Every structure is written in structure tokens, then in C-alpha cells.
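Notes follow the structure.
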Amino acid sequence: MSAKAIYENKGKELLYKHLKSDGLSAMPSIIVTGETNWQTLESENDWLKSGKLVCKPDQLIKRRGKLGLVCAGSDLAGVQQFVQARVDKPFEIGKTQGLLKRFIIEPFVAHEQNEEFYLCILSERQHDIILFHHEGGVDIGNVEDKALRLEVPIDTKAADCNIASLLTGIKDAQVQSLLLNFIADLHRVYCDLHFTYLEVNPLVVRAGRIHILDLAARLDQCAEYLCKSAWGSNVDFPPPFGREAFPEEAYIAELDARSGASLKLTVLNPEGRVWTMVAGGGASVIYADTVCDMGSASELANYGEYSGAPTEEQTYEYAKTLLSLMTRTVRPDGKVLIIGGGIANFTNVAATFKGIVRALRQYQAQLVKCGAEIFVRRAGPNYQEGLRVMRELGENLGVQIHVFGPETHMTAIVGMALGKRPIPDKPDAAKPATTANFLLPTSENSATAAAAASARAAAAGTAAAGASVATAASSASGATSGVDGLSGASGGAPEAPLFNPGTKCIVWGMQQRSVQNCLDFDFVCSRREPSVVAIVYPFVGNHNQKYYWGHNEILIPVYKQMSDAMRKHPDASVMVNFASLRSAYDSTLEALQFPQIRVIAIIAEGIPENLSRRLALRAAEKSVTVIGPATVGGIKPGCFKIGNTGGMMDNILNSKLYRPGSVAYVSRSGGMSNELNNIIALNADGVLEGVAIGGDRYPGSTFLDHLLRYQADPGAQMLVVLGEVGGQEEWRIADALRGGRITKPMVAWCIGTCAGLLGSEVQFGHAGACANSGQETASAKNAALAAAGAHVPASFDQLGETIRCVYEDLVGRGVIVPKEEPAPRRWARELGLIRKPSSFMTSICDERGQELLYAGVPITEIINRDFGIGGVLSLLMLATDHGPAVSGAHNTIVCARAGKDLVSCLTSGLLTIGDRFGGALDGAAKQFSHGVDTGLIPMEFVNEMRKRGELIMGIGHRVKSINNPDMRVEILKKFALENFPASPMLHYALEVEKITTSKKPNLILNVDGMIGVAMVDLLRHCGCFTRERLV
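Sequence positions in the sequence shown follow the UniProt record's numbering and run 1 to 1031.
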């Protein structure tokens, strides 16, 4: 999600509704299309007959006046003729051609040229900018050169700034007064409604009235959960002109909204030859770049990405949708499908590939018919199994499938698919594929070690001749004790390292797998103590959780209150925040209140831009470094890693992240940071430190913040930057290079060069990956970085070669001395073995598969076969429990197995009934009734429960999800909707479910919640009870 353009009609509607300034004329408007009945339109809107009108397309088209797309001062008949001559007909704007489908009609405001003004509000990192010029209209020209500019700091009202400084070109005092109040009020609405861009041109002031004639606006889609009531239910985010909205795009958008993962699809050319199915927001941009760099921009059929650990079912739905588009037409030269991605940090590659394989099998005949050829490159958790499944599919699918892993450069398959690069007979097996063989003595490793020894000897000789060398010892000491005594490159205080081998952190959120990954990394790096000292989670009581330290079990405390965790662990200096997008802002502000915290990593994606900017400001005031939002975090090999950074243990070892190298990098993309780990390990001596600042437009810390730290770090001999389209942070890097603040060799590349080659504007995977001006394009940034002295490759495909050239030059000059690899250790042989927990296990109760079984009979079969009361009761007597999670039934069974009498067994179960067992039905009924009775819309209800720190009773399931529904709920839901007199409570709960499942797919309306709301609906609307009797 990101800042997205809205229709002019909707933008004006929002302003008319929320502006309070005197003198504003809220003009009526109406939308017409090719299906409009003009007679009905005229009869229902008297104002259309009472005066002159203006009509223009409302499809995000700029400069409509100069394009001849405005009909001004006409009557309704003239407007009808204007529309009918253009509607549903193609129109070309530059290289873009599209259909004119939607027109807006408004009253015509007669005015003079000197009554037109230009007004624009836009957001930047530290302030909002108000641009104003006293001459507006179609001939305004270059606004940036003409308009006066006022910067309004974050959390400051425009009314408290010098708005009058914008109005110096206006002589009329009354007009000045009107505009001064209007601009102040407009900025208030701009902030309250989370606009990110708002342009009015012309703004007309005539006879003491203000008229908004033309409007262009963008809203922050991430703020929908905050502004649902203010925006209303009819906010659309239309595609740019020239790109038709496909139903498949809408389906994927709906799937994305119902999932905690990220699923994006944009159809660029449905007749195109090259189709992509890419994992990761950053990787998806790079694949599109590479296709365009190789001259196939016109053949690129789609842009899209899947990321955030989608399930097998979600990936299947995504792949099936894409394949339906790809196989719809046949080309004589065939089609290629690129299934690519970087090295995943936490996404289960095998699970996602199994979903893709299911879709490929389903479309086997269509793929053969269209002459498809498939190229696969992927790595990450469980990637070996995923690639194996894909290779097996290639043996019987009937189309060629070429499969590669991390041994192959990420974008090499693009060259293979386009015939620009030969396809190898088999992948290079030089790189270890499993952890078991890593660092174990083999002839190959011996040869590598000998080559490294020769390089070290040569480098040492050069160093002895007088070169200044940062040795491994200095790197280690710098990592441990900081950079005391160093002067920063800018002449000020040195930038202190963020992490060292003793860094400890507190994790916000129940992220057991991520915490275990951190502990495994710590153990491999030979840390003396675990880096994770505590977990904070407000929805549980204080307790301990079991984790592994190597093969031993340890306990990590979990706290309900952050203050308790901070008080009991004063040595923790890092907060890793896994809170959801709705909770991340408040939990980060809370963490900023504790002076011991020096670094905060915010993992969540989708935090509204205004909140992100506010967090960055508050953190800067307290000298706290914020990494994120929308990040995987960062890593300092041999010292500390944040959450899932670096992926699973096999990648930690293969990318040599267990010990420091000489290369420091900074990236926006979390997925691409792991790919950089791999590229740097293959082409240099490894990573010293790497940070993914996050894909949002306003990350808490910037590229330059981290590069200046690296400049001051004696262990960092070489810098790598992976920027992207959007924003201007890379220009600040270029300024630092030219100004001498950064002197170390830098390899830099900005992804998103394809943006200018595509037929229409595309919002890439990251929220910040969208250029708002020429300076924000990737091509302009790459040119600026090259001019400033950075090493900029011709494309991402050549990034590894450029890194290798710079690294070898530094080794040859003795600046870098290759370090010896650590000796083989016992843990290297043991990694990958299954740990055996020493916990009590029971087989009294067990799970009964995907669907609830009663004595082996699925519940759906019981309903469909109409067993009758006798049959159902017989089955219930034989088996009623569904798993060990039901504590009351569990206790009863255990008591019975212990030989106790019937009364004792029943009592042991009944005594267990409480708020978390049995009480969920009553709790769900109370909570949802409160939401409906108080008039809260579902989004407000969810937000209120989150602020109160309460779980929503009746929501959530341990196994079932939106993609694997609980059949008990489905059966009850169908019965209630078809047979109850009314079901407002159930409909309300289902709307709440849509919101909760957008966070996690298993936060569904469960059977407790279903029964609770259904009973309230039945009792309230059966006609047998008054509301007073039900209270």
C-alpha cells in the first residue's frame, strides 16, 4: 500500500465535507459514463438546466485544458455532445493511449484571469510544503520556479506559520484574508485526512467566494484504518490513464487485503511475451529493470510481487490468476515465465513453490499450447525442497523448466529467457547447498584456503611496503569497543557503532521463530550470551518461554508491560518491534520513553506516512536510531542480527555472516539485503555490517545516516548502496561524496530504471518506490552518483562484477587483507539436526485432520446426509473433542484415564470453564453487541479493542484460516443467514473478520464467536423477547 491518486470528484467531495473556512463554494458535481441515461440525469438534477456547465474527463489526466479535453461555458446539450463524441473512444497522450470513460460535470464559474491562483500542498520528510502563486491556470508554466514556498514543520499548524508570506503578490486585502484562512484550513484537512499531495489549479476567488475548479490529490492508503469514517466507503484508487483495470488485478488486490502477506499484480501488456512471478518488493523491481535493460520493455506483460510469507494456498491463487492471463492468447514465438526472487529471509520457499506447482499443473495444457518456457531462480528457507519439486514438475509438465538456486546471479535467468545469455546444462555446484558440509575439510575447501593464503601473503607484502591497512584485529576491536579516538569524516564527533558482540535486545511481539533464529545466529557467532533477553506482549500474562541455545534449552521471560521488561533488563539497548501496523506507532513511542534504548527496528509495513514522519522526528529528538518501518532489519556479522535478517542458518553460513568482512552496505529492501549478503560473499570477503532502512517513503533513518557511520568505522573498507526510484536520499549521498564527507570506495545502484520505459505509471512493490519528479527517477540518481565518484554498474545484472573489481583493486593495493576462515567446529557438523525437546507429551488427545470428525465421520457429511438427532447424538457420545486445546475436555479425559468416578471427571472439566474456555462465547456476544449498539464501524471497533489491549473474543484459530475455513463456522453461518429473521450482529462480525484477516489469515471468526453473535441475533429478532429482558 502507498500514496495513491484519487478521482477529482472524490477529492472535492472530501474537501467540501471537511473544510470549515468561510467563503468556500461547495459546488455540485456529477459523474457521467457511456452508460449514463441523460434524460434521467436531467430530471434528477435541476441545476444542470439552470446555468452554464463545465465538463472534463476525471481519469487522472494532467493538462486537460491544453489537450482539448475541457468543455467550458456550455449548456447541457453541448456537454452531452462533448461527452458522446469522446466517451469510450481511444485518446493518446504522449506515448500513452487509453479510453476516455469517465467525465465530471460541474457548474461553470465565470471569472477573470487575475482571479485565478495556484495552490499546492505536498509532504517531505521533515515538513509539509505549501506552494502558492498569484497567477494560476493552464499557462502557469514551471511552478517550482515561480511559486512562493512555505515549510510547515511536522505537528505544526499552518495557521501558526507565516502564511501571509505566500500572499505578497496579492494587493486586495479581502482576497488576502480569505486565502489566508482558506490555506490554514486546507492544511488542517490535508493532515487530518492523510493526504500526501493536494493541488488546486486554478483556485478562483471572485466576489468574496472561493471556488476549487481543478483538483489533483493523493491519499495515503495505509491510513485507511484511521480515516475510514472521514473518507467514507466510496474511496476508489483508480489506475493511471492508459492502463485498464483488469478484474484479475482487483481479485489479487482483494486477496492482498485479506492476507497478512503482500500480493501485487499490474497488467502492463496482456499480449506481451515476458511474464514475471517474482518474490519480494525490491526483487520485483529489479527483474522489471533487467527485462527493460535488455530491450524488451514493450514485451513485459506484467509487474507484480508476492512477499511477506504467503501460504501455499495464497501463492496458488496468485499463480493461478497470473497463468490465466498469460495463457489467454497464443504467440508464434511462444512466451516465457520468469519465476524469480532473491534469497528469502523468512518466507518458506517450498510452501510457496508447492502453490505455484499446483497452478502450473492446472494450466499444463494451456502452457503447452502457448509454447511457454519457464525459468526459475530462488533461495531462502527450505529452498532445496522447493527447487526439487520444481525440477520434478519439469520432467512431466510438457514445457521446459530451467531451475537455479543461489549459486546463480539473481537476474541471470532474465538473460537466459531473452536469449541474451547461454543456458547452462546444470547449475554450478561449487557453492555448498547444505549446512552439513560447510567448513568441513574437503579438497575443494583446501584449494580455496590455499588461494586465500596466497592472496593474504601478497597483500601482506604490499601492506609492509607502507600501505595503511585495517586488519582483522582492528575490525574486531572496533566492533567490540567502538571507535573511540576517531574523528568523523565531517569533522564532528565520531559515529558510534549500533551493535557489538555484547548488544542485547527486547523483542515486541510473539515471534518465536524469529527469536530462535537470533539465538542460533548468536550461538554460531560464539557469543557468550543470547542477544534476546526479553519479549514484550501485552495480550498475555508474565511467563517464560522455552528456546534453544545450541542444543540446550533456555527460558526467556515474556512481559505484559514494556516498563517491566525495561526495568528488569537495563542492559538492553535495542528494541525489535514486530507489532502490527496498527500497534507499531504506539509501541515505538512507548519505547522512546526509555533512555536505555538506542536502536529501534520497526518491522511492520503499512504504517501511515504521517505517523512514520512523526516517529522519525521523535527519535531524532532523543538521538535514537530507527531502522524501518517496512524492513527486515539489519545484521552485523559475528555480533548481532535483527529478527529474520540473513535468513535461515544455511544462508548465514553460506554468506559467511558468522564473521565480519570488509564491506558495509545499506539497502531499502529487506529481501534484497539478503541477496546483497550473497553477492558480497561471492565477490568479496563478506559483510561487515548491513542495514535495510525500509521500503516506506519516510524511513526512520536514511542511507546517509548509516554511510557516515561506515565512513567512521575502520573495519569498513568498501561501501555498497542499493537505492531505488522515489525520494531524494541518494542525491544527499552524491553531495556527501562531492563534499568529501564520504571518501571510501562506494558501489551504488538505484533500482527502478524501468519506470520511464513503461507505458503508464506503475506503483512498485515498496510504498516509497514512486517518482514524484524528474530528480526522483532511478536513472537521474544513478547518473548523479556516478558523477560524484561512485562506482555505478551498467545494470543490476553487473553489480556483482563491479563489487568484485573494486574489492580486488583494494586487495591489490593492500587496503584489504583477506582474513582466514574460522577453523571447522563441532557445531558445523551438527547444524541441521532435529532438536529433541525434553517436554511432557501425551497421546490421550490428538488432532483429527482438516475437518472435525465425529467417530471418523466429517461434520459436513453429518449435515449433508441428514443423520437425524439419534445419529448425531450417537456420534457425539463416541467422540466430541477436537484436539488437546480444549482444556475442560482434556481434564475430563485425563481424570477418567486416572480411574476416577463419573462425577469427579465431570467436575474436573467444569471447574476449568473460564474466560479463555467457555467464556469466549459470552465474551464475543458482549463485545460485538457493544460495537453494534454504540454505532462503531468495524474498523473503529478493532482499533478500540487494540487501544484497550483486549483480545477480540471469538476471533482467531490455531489451525484454520481464511483460506482453510472451519466447516463448523461455514455451516452455522449459512444456516443463520438463510433462516434467521435478521442477522446484523453476524454481518458486523464478518466485517470485523475482513479487517483482522488482513493482518493474519488465521484471525477468522471462530466457532465460539459464530455461536455468540448468532445467538444474539436470534434472541433479539425472533420476536419473543424485548430488549429489556435480554439485557
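Quick reminder that beta carbons are idealized off the backbone N, C-alpha and C, glycines included.
Treat the numbers as computed from the prediction; the structure is a model and nothing was measured.
Residue i (DSSP reduced to helix, strand or coil)
| i | result |
| --- | --- |
| His706 | helix |
| Ser229 | helix |
| Phe928 | helix |
| Glu144 | helix |
| Leu67 | coil |
| Tyr548 | strand |
| Arg86 | coil |
| Gln400 | strand |
| Phe791 | Per the sequence shown, the amino acid found at residue 791 is His instead of Phe. His791: strand per DSSP, three-state reduction. |
| Arg567 | helix |
| Asp256 | helix |
| Met841 | Note that Met841 has pLDDT 36, beneath the 50 cutoff, so the model's placement of it is unreliable and no number is given. |
| Asp220 | strand |
| Thr315 | helix |
| Leu722 | strand |
Buried or exposed by the 16-neighbour rule on C-beta atoms within 10 Å, applied to residue i
| i | result |
| --- | --- |
| Val721 | buried |
| Val79 | buried |
| Gly646 | buried |
| Asn864 | exposed |
| Cys71 | buried |
| Lys622 | exposed |
| Leu910 | exposed |
| Pro406 | buried |
| Ser587 | buried |
| Ile339 | buried |
| Val330 | exposed |
Distance CB(residue i)-CB(residue j) smaller than 7 Å
| i | j | result |
| --- | --- | --- |
| Ile413 | Arg377 | yes |
| Gly1012 | Gly931 | no |
| His576 | Ile679 | Residue identity differs from the one stated: residue 576 is Val in this sequence, not His. It is not a contact, given that the beta carbons lie outside the stated cut-off. |
| Glu106 | Ser29 | yes |
| Ala784 | Ala736 | no |
| Val205 | Leu180 | no |
| Lys264 | Gly304 | yes |
| Val811 | Pro745 | no |
| Arg273 | Glu299 | yes |
| Gly98 | Phe241 | yes |
| Gly956 | Leu1018 | no |
| Gly23 | Arg328 | no |
| Gly694 | Ala630 | yes |
Same chain, Cβ closer than 7 Å to residue i, neighbours up to 5 away in sequence not counted
| i | result |
| --- | --- |
| Lys546 | Glu553, Leu555 |
| Ala460 | Here the model assigns Ala460 a pLDDT of 39, short of 50, so the residue's position is not dependable, and the following value carries that caveat. Counting only Cβ-Cβ distances below 7 Å, and skipping sequence neighbours, we find Val817. |
| Gly169 | His134 |
| Lys1000 | Gly260 |
| Thr315 | Tyr306, Thr352, Gly355, Ile356 |
| Phe796 | Ile286, Asp289, Thr290, Thr411, Trp749, Ile751 |
| Val792 | Ala748, Trp749, Asn782, Leu785, Ala786 |
Same chain, Cβ closer than 6 Å to residue i, five either side skipped, listed in chain order
| i | result |
| --- | --- |
| Ile140 | Tyr118 |
| Ala158 | Val152, Ala184, His187 |
| Phe499 | Lys636, Cys639, Phe640 |
| Met562 | Val536, Glu590 |
Residue(s) in a DSSP beta bridge with residue i
| i | result |
| --- | --- |
| Glu151 | Ile129 |
| Glu385 | Looking at the DSSP assignment, Glu385 forms no beta bridge with any residue, so it has no partner. |
| Pro557 | Asn544 |
| Thr625 | Val599 |
| Arg209 | Arg206 |
| Cys55 | Cys71, Ile105 |
| Met575 | Ile506, Ile600 |
| Ser612 | None; Ser612 has no bridge partner. |
| Val267 | Asn302 |
Residue i Cβ short of 6 Å to the ligand GDP heavy atom set
| i | result |
| --- | --- |
| Asn181 | For the structure depicted, the ligand GDP is absent and the ligand set is empty, with no information on it obtainable. |
Same chain, Cβ closer than 8 Å to residue i, five either side skipped, listed in chain order
| i | result |
| --- | --- |
| Ser165 | Leu148, Leu150 |
| Gly800 | His409, Ile679, Leu682, Asn683 |
| Gly541 | Lys560 |
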